[in-house]
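Asker:
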Amino acid sequence: MIELTQEFGFDAAHFLGQGAAENRRMHGHSFYVEVTLRGEPDPSTGWLRDLGEVRSVLDSIRGLLDHRVLNDIAEIGNPTLENLAKFIFQSAKVKLPEVARVKIKRPSYGQSCVYEA
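First residue of the sequence shown? That's 514 in the working numbering, and the numbers climb one at a time after it.
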């Protein structure tokens, strides 16, 4: 079994409807995402998945999120780390069925969240 991970980053704003006052105000973060694929490589190519194809799929997801207000993306729901990790996982899985895990990090806060199916 092979695991292959591709990373990407984006900056976005959001606000939460609950929690501390600072969370209820519009604010922004830099997010860093690791998307991990798992499976057996194709015997003829030696690849689990062409990395160029992985990058292309993740670039399209990044384009949906980067420099956006996450609250405006209905499919995310309440834009928590948990919901954001799930949204990225489900979006990537459509075109990359080997996706096994998404980890999203906010290093400035020392926080991360992992979503696995």
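Where is the CB? At the ideal position from N, CA and C, for every residue including glycine.
Identify whether G565 lies in helix, strand or coil by the three-state DSSP scheme.
Answerer: Of the three classes helix, strand and coil, the one that applies to G565 here is helix, per DSSP.
Asker: Which of the three DSSP states is assigned to D585 in this structure?
Answerer: Reduced to three states, the DSSP call for D585 is helix.
Asker: Among the residues of its own chain, which have a CB less than 7 Å from the CB of E611, if the five just before and after it don't count?
Answerer: Excluding residues within five positions, the ones whose Cβ falls inside 7 Å are L550, R551, G552, L561 and R562.
Asker: In terms of alpha-carbon separation, which member of R538, D524 and R614 lies closest to T518?
Answerer: The option with the nearest alpha carbon to T518 is R614.
Asker: Assuming F528 is part of the beta strand (DSSP E), what are its boundary residues?
Answerer: It is not in any beta strand (DSSP E) - F528 carries neither H nor E in the DSSP assignment.
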